[in-house]
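Working notes, structure below.
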Amino acid sequence: RNLARKGYHVVIYNRTHSKAENFLRHYGHEGKFTRASTLNDVLCKLPTTKIVFLMLSAGKAIDIVSDELVAEAHKRLEGDQLSIIDGGNSFYKDTMERCKRYDEKGVEFIGLGVSGGKEGALLGPSLMFGGSERGWEWTHEVLEKIAAKDFHGKPCVTRLGPNAAGHFVKMVHNGIEYAIMGMIAEIFNLLRATIGDRGLGISSDSLLEHPDLGGFLLELMRHVVRKRELGSGHPLVLDKIKDIAGHKGTGLWTCQSALELGCPIPSIQAAFEERAMSAQYAVRSVYSDAMKPSGLKTTVSAEGLMNRVYGALSLAIRQAFSQGLILIRVASKKYEWDIDVQQCTRVWEGGCIIRMPLLREFETRPKETLDKKTKGLIPAKEDPDEPPTADEITREVWWAFSPEFRKIAFDKKRHHQLQELIHTFVDAGIPCHVLSSTLNYVTQMCHERMETIPYIQAMRDGFGGHGFERIDLDGRYNLEWTIHAEE
Ligand SMILES: NC(=O)C1=CN([C@@H]2O[C@H](COP(=O)(O)OP(=O)(O)OC[C@H]3O[C@@H](n4cnc5c(N)ncnc54)[C@H](OP(=O)(O)O)[C@@H]3O)[C@@H](O)[C@H]2O)C=CC1
Ligand SMILES: O=C(CO)[C@H](O)[C@H](O)COP(=O)(O)O
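All the letters of the sequence shown, read from the start, carry residue numbers 2 to 488 under the numbering used here.
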């Protein structure tokens, strides 16, 4: 519909024909549509420059449909340009493999991250392009027409890198989405328990309007906390929703990839774990029978609580972005995608689920250049070809954040407000998976020496002879840790 509204002639196909027919009955008047009866028919009805946009369930459906399209194209379409755009949430390793496989057959396979849900798809989504330069050349005009606009009116689409770069960025976008949703949900749960239902609407308005916050998810939350059932008592619809949250893969893959790449993303991991916990109803019923937490009355005023919330949430959301962007850079180095994180945050400015005013803070760079600032911090490598470590990449990304972003993301006062907010959760006996993981991450990063690690290293050496490094001497050491009576 978005394409047709922009004047493109759109050929539509769905393996369940009745769905395509139904679609045309409802929306056929919005533009120029033609229905195809087979995939071959799709190709026949398209001009010589063929762009096939797949919006299918991730996994084998993409291979089945793309294989058939490529086979049909090879049979009859000589000299035509065929681009297949996979706009679904495909696993990036599948996309890498598909790009290679179809490239060998002269077809441009594009992994396109699409965010924006139903409304974004129609009015303008954020598009994260991964594919070859030729694939970009063949398709960018169309994508630029249908994409949302960034804060400066430019289309929210760019070529982020080759092959799976776009799908990786979309996957991490969803990971950040998980974390932000988790944080907001925790805060509203606390507000409801402490200041009551009647304060929720006003609180959501003030979070939305706060200069450090705002954005699509908080806008959505304004409606969520007000939506009531029709009928007696008008209960909040929230109270009727089963406490089980599913997922479609991207959150899990973000966590798996981060673990594989040795890159900590605790806010996202906690948000994913929270969903996994939601499936453990039977376990919860046993625990809650045995030791229901006794919620203490919190002594903080509503105003004091909201101040903690503003400070804590504005820092925590930025930390979730920071974790996600570092993961993107770490993967980008490993897979040689050369992704510019500033372009990721730019295409997230419009259309997508995590769009929010704070993304403007990524538009500027610090005055000191990266090289100048990191000189001396990152020791020179003996082998200059050795790839950078996750630690080096993290520092590189941190130093590239603008002063506006750093002022809030690395702010002592807001860190303290997050600590105080976690106290309130603990006092009230209310869990806060994502916010507390974020607090632990920030607090840990504020300690240059990780004091727990020597204990762990000593125990590993004690039971498994795994060895440890010393700060005062080079090399690797083993010790007999058992202390005998005579010592
Ligand atoms: N919904 C959203 O807001 C967003 C979704 N996405 C991603 O986009 C993709 C599509 O999502 P959505 O439209 O919501 O999903 P739906 O479940 O609504 O649609 C899935 C489509 O895939 C088709 N399909 C499934 N298996 C096959 C197969 N083996 N062969 C041919 N066709 C097949 C279905 O055909 P049939 O109708 O015949 O079953 C249907 O048209 C997913 O990867 C999703 O994660 C991305 C951004 C936002
Ligand atoms: O990609 C999306 C939004 O950006 C989809 O809505 C996706 O389904 C959300 O993920 P999950 O279903 O795992 O919560």
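Just so it is clear, CB atoms sit at the ideal spot from N, CA and C, and this is done for glycine as well.
Going by the beta-carbon positions, is the gap between residue i and residue j smaller than 8 Å?
i              : j              : result
glutamine 82   : lysine 101     : no
glutamine 324  : serine 258     : no
histidine 434  : glutamate 275  : yes
isoleucine 63  : serine 84      : no
threonine 395  : isoleucine 327 : yes
methionine 357 : threonine 255  : no
alanine 332    : tyrosine 179   : no
glycine 250    : lysine 414     : no
aspartate 151  : glycine 351    : yes
tyrosine 9     : alanine 37     : no
glutamate 1    : valine 158     : Nothing about residue 1 can be reported from this structure: the residues present for the chain run from 2 to 488 only.
tryptophan 349 : serine 127     : yes
leucine 218    : isoleucine 245 : no
glycine 202    : alanine 303    : no
Taking the straight line between their C-alpha atoms, what separation do you get for residue i and residue j?
i                 : j                 : result
serine 19         : threonine 39      : 13 Å
histidine 141     : arginine 223      : 36 Å
serine 459        : histidine 485     : The sequence given here has alanine at residue 459, not serine. Going by the C-alpha atoms only, they are around 17 Å apart.
glutamate 487     : asparagine 479    : 21 Å
aspartate 339     : glycine 131       : 11 Å
phenylalanine 411 : glutamate 220     : 25 Å
glycine 112       : glutamate 230     : 41 Å
glycine 466       : glycine 263       : 23 Å
tyrosine 93       : tyrosine 103      : 15 Å
glutamine 418     : leucine 440       : 10 Å
glycine 1         : alanine 429       : Residue 1 falls outside the range modelled here, since the chain spans only 2 to 488, and no answer is possible.
serine 233        : lysine 241        : 14 Å
aspartate 68      : asparagine 41     : 12 Å
glutamine 344     : phenylalanine 189 : 32 Å
glycine 60        : lysine 335        : 24 Å
glutamate 452     : glutamate 397     : 24 Å
glutamine 464     : arginine 135      : Here residue 464 is phenylalanine; the residue named in the question, glutamine, does not match the sequence. Between phenylalanine 464 and arginine 135, the C-alpha separation is close to 56 Å.
threonine 390     : glutamate 337     : 14 Å
isoleucine 185    : proline 388       : 37 Å
serine 58         : proline 367       : 41 Å
leucine 237       : valine 226        : 7 Å
threonine 576     : serine 205        : Nothing about residue 576 can be reported from this structure: the residues present for the chain run from 2 to 488 only.
Do you know whose CA, among the options, lies nearest residue i's CA?
i              : options                           : result
leucine 314    : Leu209, Gly351, Ser333 and Ile354 : Leu209
alanine 280    : Leu440, Glu449, Phe426 and Lys243 : Lys243
valine 170     : Pro358, Gly352 and Asp341         : Asp341
leucine 260    : Asp206, Leu231, Ile329 and Ala194 : Ile329
lysine 408     : Gly430, Glu79, Leu359 and His174  : Leu359
isoleucine 355 : Val115, Pro389, Asp87 and Arg99   : Val115
methionine 129 : Trp139, Lys241 and Ala149         : Ala149
glutamate 98   : Ala165, Glu364 and Ala391         : Ala165
serine 438     : Thr17, Gln320 and Ser289          : Gln320
histidine 30   : Pro48, Asn41, Val11 and Cys45     : Val11
glutamate 362  : Cys345, Ile327 and Pro404         : Pro404
glycine 1      : His424, Ala277 and Tyr282         : As shown, the chain starts at 2 and ends at 488. That puts residue 1 outside it, with no answer to give.
alanine 317    : Gly32, Asn190, Lys146 and Gln420  : Gln420
leucine 436    : Leu191, Trp482 and Pro389         : Leu191
asparagine 3   : Phe406, Phe34, Gly176 and Pro367  : Phe34
valine 416     : Ile65, Cys447, Pro212 and Gly125  : Looking at the sequence provided, one finds histidine at residue 416 rather than valine. Minimum Cα distance to histidine 416 is reached at Cys447.
histidine 75   : Gly107, Val66 and Thr96           : Gly107
leucine 422    : Pro236, Thr300 and Gly202         : Thr300
glutamate 73   : Pro294, Cys45 and Gly117          : Cys45
glycine 121    : Gly215, Ala21 and Cys353          : Cys353
arginine 16    : Val284, Glu449 and Val43          : Val43
Does ligand 2 have a heavy atom nearer than 7 Å to the CB of residue i?
i              : result
glycine 216    : no
glutamate 248  : Looking at the sequence itself, residue 248 is histidine, so the reference to glutamate does not match. Yes, the beta carbon of histidine 248 sits closer than 7 Å to at least one heavy atom of ligand 2.
glutamate 178  : yes
glycine 252    : yes
isoleucine 354 : yes
asparagine 175 : yes
asparagine 90  : yes
Should residue i be counted as a contact of ligand 1 given a C-beta to heavy atom distance under 7 Å?
i              : result
isoleucine 65  : yes
threonine 17   : yes
methionine 56  : yes
lysine 61      : yes
lysine 94      : no
isoleucine 334 : The question names isoleucine, yet the displayed sequence has lysine at residue 334. No, Cβ of lysine 334 sits at least 7 Å from all heavy atoms of ligand 1.
lysine 119     : yes
lysine 150     : no
lysine 7       : no
lysine 298     : no
If you measure from the CB of residue i, is any heavy atom of ligand 3 nearer than 7 Å?
i          : result
serine 116 : Judged by which ligands are present, ligand 3 is missing from the structure shown, whose ligands are ligand 1 and ligand 2.
Handout entry: At least 3 beta-carbon pairs within less than 8 Å: the region 21-28 vs the region 54-61
Key = no
Exercise for the section: Kindly confirm or deny that the region 299-311 and the region 181-197 touch, where touching means at least three C-beta pairs closer than 8 Å. Expected result: yes
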